[in-house]
Amino acid sequence: MGDGPLIRDVSEAYPGTLHQQGGTVNDASCLNRTAVYGVVRPHQEEDVRTALAHARDHGLVVSVAGTGHSMGGQASHPGALVLDMRGLDHVRVDQDARTVTVQAGATWHQVLEAVHPMGLSVATMPSIDVLSVGGTVSVNAHGLDFRAGSLSSTIRSLRVMLADGVVHQVSREQEPELFHAVVGGYGLLGVILDVELDLVDSEVYRLDSRVIDTHDFPEVFSADVADDPAVRMTYTHLSTSPSTLLDEAIVYTYTRLEAAEPVPQLQARSSDRFGRLVLNLARTGDLGQGIKWSAQRDLLPHVRGCTQSRNEALRQAEACLVGRNQAMFESLGLLSNRLTQYTDILHEYFLPPDQLVPFLADLREQLGAHHAQLLNASIRSVHASDITLDYAQGERFSLVLYLSQDVSEAGNADMAHLTRELVAAALRRGGTFYLPYQQHYTREQVAQAYPELDEFFALKRRHDPGLLFQNSFFTRFG
Numbered sequence: 000m001g002d003g004p005l006i007r008d009v010s011e012a013y014p015g016t017l018h019q020q021g022g023t024v025n026d027a028s029c030l031n032r033t034a035v036y037g038v039v040r041p042h043q044e045e046d047v048r049t050a051l052a053h054a055r056d057h058g059l060v061v062s063v064a065g066t067g068h069s070m071g072g073q074a075s076h077p078g079a080l081v082l083d084m085r086g087l088d089h090v091r092v093d094q095d096a097r098t099v100t101v102q103a104g105a106t107w108h109q110v111l112e113a114v115h116p117m118g119l120s121v122a123t124m125p126s127i128d129v130l131s132v133g134g135t136v137s138v139n140a141h142g143l144d145f146r147a148g149s150l151s152s153t154i155r156s157l158r159v160m161l162a163d164g165v166v167h168q169v170s171r172e173q174e175p176e177l178f179h180a181v182v183g184g185y186g187l188l189g190v191i192l193d194v195e196l197d198l199v200d201s202e203v204y205r206l207d208s209r210v211i212d213t214h215d216f217p218e219v220f221s222a223d224v225a226d227d228p229a230v231r232m233t234y235t236h237l238s239t240s241p242s243t244l245l246d247e248a249i250v251y252t253y254t255r256l257e258a259a260e261p262v263p264q265l266q267a268r269s270s271d272r273f274g275r276l277v278l279n280l281a282r283t284g285d286l287g288q289g290i291k292w293s294a295q296r297d298l299l300p301h302v303r304g305c306t307q308s309r310n311e312a313l314r315q316a317e318a319c320l321v322g323r324n325q326a327m328f329e330s331l332g333l334l335s336n337r338l339t340q341y342t343d344i345l346h347e348y349f350l351p352p353d354q355l356v357p358f359l360a361d362l363r364e365q366l367g368a369h370h371a372q373l374l375n376a377s378i379r380s381v382h383a384s385d386i387t388l389d390y391a392q393g394e395r396f397s398l399v400l401y402l403s404q405d406v407s408e409a410g411n412a413d414m415a416h417l418t419r420e421l422v423a424a425a426l427r428r429g430g431t432f433y434l435p436y437q438q439h440y441t442r443e444q445v446a447q448a449y450p451e452l453d454e455f456f457a458l459k460r461r462h463d464p465g466l467l468f469q470n471s472f473f474t475r476f477g
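Each residue of the sequence shown is one higher than the last, beginning at 0 in numbering that gives the first Met the number 0.
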């Protein structure tokens with residue numbers, strides 16, 4: 000976990016400007032520091048082509064990075080030339096076509112600011128807006144709009160530069176095999192340059208919440224959420240208090256209003272510091288966890304009013320209830336953990352609806368066995384997509400876990416064991432798990448969850464025979 004040696008001396012003259020010469024890179028987990036050849040931040044398409052040519056000519060591999068919120072080295076490789084795509088961040092809205100074309104390095108925050116004045120919104124996006132569009136396409140992210148599905152369903156086309164420097168515009172109609180592999184392909188097929196996304200009308204929602212017994216959640220979701228066409232978005236928080244651990248839940252619903260309402264302006268949120276304070280309180284033990292859950296359930300709903308735009312809801316999952324979700328990771332401030340002795344680790348599991356409650360029993364048992372600190376747990380709904388590495392084989396509940404880990408060898412080893420146990424439990428129950436996080440799972444587990452894994456790697460080798468694009472995921476499982 001230290002800085003490690005510099006893998007290769009940067010002796011060849013790079014035909015451009017290196018944003019970083021040599022040194023190391025890391026990711027959001029702070030557990031994957033990797034020595035690299037250097038970092039390039041392209042500002043135009045030709046900069047990407049130049050970087051790929053330099054890597055080919057000098058026997059380097061290339062890793063592609065966005066805002067750095069993966070947690071398992073998916074955007075790095077020892078000795079790699081890393082493409083930091085944040086310099087490519089242009090956003091172009093076509094109001095008549097109701098589409099937005101976004102360069103890979105732009106964040107969802109930038110996208111929302113571009114489309115909002117036109118009365119438009121993205122069809123779906125991740126539930127935090129600080130992530131890059133290219134990065135979230137590479138992991139096929141999903142969010143609060145359970146009716147729209149994952150990001151892949153809203154992509155009209157994208158442009159990707161392959162290892163030879165040739166740009167391909169791909170879609171479901173044009174080179175569909177490549178399209179389905181690039182979306183959710185973890186940057187292993189090529190460099191995503193830009194993406195054309197569907198837009199929808201911006202709407203005003205009423206945000207409601209109710210506390211339920213978690214055992215009732217599947218029935219409540221089916222009857223009161225999925226079967227009500229006016230409910231457009233939803234998410235659910237599970238109790239992390241020891242007295243009601245995973246037994247109590249708060250269900251939030253965003254319901255479209257029949258009467259036309261003025262769409263409010265997007266506003267920056269100022270409550271992240273308080274949210275981080277509440278989250279850190281949960282680290283102090285059982286008492287802190289109990290106080291945190293009581294605040295989420297009973298106090299925070301009264302801090303703000305309950306009307307907001309679709310864009311604001313997408314941008315901040317709890318924006319109309321300031322503090323209700325302050326302990327979650329769904330904002331830049333909450334993602335910025337300054338407690339150096341701890342790191343925050345994400346897990347995500349996808350369960351058939353009738354297996355969610357049994358899996359929660361598995362989770363409760365494993366958390367106790369490992370004395371793990373579960374800071375937050377939430378549920379969303381996803382459904383199958385048409386990409387090669389699809390995490391949902393049908394209608395699924397997504398269970399997102401936010402855990403605190405001690406930054407030590409022992410802490411890492413215990414988290415690895417916990418992860419493998421939870422992955423095994425999910426697989427036993429017909430579920431799968433999300434790949435962008437710490438890679439503590441085995442190849443057998445990946446292959447069971449993603450039956451098209453070998454097909455995906457074969458396609459990667461066909462389009463990238465020199466294996467120019469590499470990262471930790473390919474090294475371990477390719």
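Glycine is no exception: its CB is placed at the ideal position from the N, C-alpha and C atoms. It should be emphasised that the depicted structure is a prediction, and the values quoted were computed from it without experimental measurement.
C-alpha distance - residue i paired with residue j, whole-angstrom precision
i      : j      : result
Tyr204 : Thr254 : 5 Å
Gln264 : Leu188 : 39 Å
Gly3   : Ser149 : Residue placement at Gly3 cannot be trusted, given a pLDDT of 42 that sits under 50; the coordinates are not used to answer.
Gly186 : Ser242 : 43 Å
His53  : Tyr36  : 12 Å
Leu161 : Gly465 : 11 Å
Leu177 : Pro352 : 31 Å
Leu51  : Asp163 : 8 Å
Ile249 : Gly284 : 22 Å
Lys459 : Phe145 : 30 Å
Arg379 : Arg158 : 30 Å
Thr135 : Gly142 : 11 Å
His42  : His369 : 46 Å
Ser293 : His236 : 12 Å
Val99  : Phe349 : 29 Å
Ala79  : Leu59  : 6 Å
Met414 : Leu366 : 10 Å
Pro14  : Ala64  : 20 Å
His167 : Val194 : 12 Å
Gln354 : Gln19  : 47 Å
Asp405 : Val190 : 35 Å
Pro228 : Glu257 : 12 Å
Pro125 : Ala409 : 32 Å
His462 : Glu454 : 13 Å
Val181 : Ser137 : 7 Å
Contacts around residue i, its chain only, beta-carbon distance under 6 Å, and the 5 residues preceding and following it disregarded
i      : result
Gly183 : Asn139, Ile386 and Leu388
Asn470 : Ser62, Gln73 and His76
Phe472 : Gln73 and Tyr185
Ala105 : Asp88, Val90 and Val132
Gln173 : none
Gln444 : Val422
Gln447 : Leu426
Leu359 : Leu245
Gly477 : Phe456
Minimum Cβ-Cβ distance from residue i to chain E less than 7 Å
i      : result
Met124 : Protein chains in the displayed structure number just one, and chain E is not present.
Residue(s) in a DSSP beta bridge with residue i
i      : result
Met232 : Tyr253
Glu347 : Val399
Ile191 : Val159
Leu206 : Tyr253
Ala64  : Asp83
Val47  : Paired residue(s): none; Val47 is not in a bridge.
Glu247 : Asp212
Tyr478 : With the chain covering only 0 through 477, there is no way to say anything about residue 478.
Thr33  : Val24
Leu198 : Val121
Thr481 : With the chain running from 0 to 477 in the structure shown, residue 481 is simply not present.
Ile154 : Leu196
Gln19  : Val38
Val169 : Leu157
Phe468 : Val61
Leu286 : Looking at the DSSP assignment, Leu286 forms no beta bridge with any residue, so it has no partner.
Leu237 : Ala248 and Ala376
Cutoff 7 Å; reference residue i; Cβ partners in own chain excluding five residues on either side
i      : result
Thr252 : Asp207, Val224, Val230 and Thr233
Gln288 : Thr239, Ser240, Pro241 and Ala281
Ser170 : Arg155, Ser156 and Phe178
Ala12  : none
Beta-carbon contacts of residue i that lie in its chain and below 8 Å, excluding the five residues immediately before and after
i      : result
Val356 : Thr213, His214, Phe216 and Pro217
Arg419 : His439, Tyr440, Thr441 and Gln444
heavy atom of the ligand HEM below 6 Å from residue i C-beta
i     : result
Val99 : With respect to the ligand HEM, the structure offers nothing, as it holds no ligand at all.
Take every Cβ of the region 434-441, pair it with every Cβ of the region 68-75, and state whether three or more of those distances are shorter than 8 Å. Cβ pair count under 8 Å is three or more, so yes.
Would the region 388-402 and the region 340-348 be scored as touching if the rule is three or more Cβ pairs under 8 Å? Between the region 388-402 and the region 340-348, the count of Cβ pairs shorter than 8 Å is three or higher; the stretches touch.
Does the region 111-126 touch the region 40-59, meaning 3 or more C-beta pairs lie closer than 8 Å? No, the region 40-59 is not in contact with the region 111-126.
Quick check for students: name the residue ranges of the beta strand (DSSP E) that lie wholly in the region 361-395, counting only runs of 3 or more. Inside the region 361-395, DSSP marks whole beta strand (DSSP E) runs of 3 or more residues at positions 372-381, from first to last along the chain.
What ranges does the beta strand (DSSP E) occupy inside the region 67-151, keeping only unbroken runs of at least 3 residues that lie completely in it? Those beta strand (DSSP E) runs which fall completely within the region 67-151 and span 3+ residues are 80-83, 90-93, 98-102 and 119-121.
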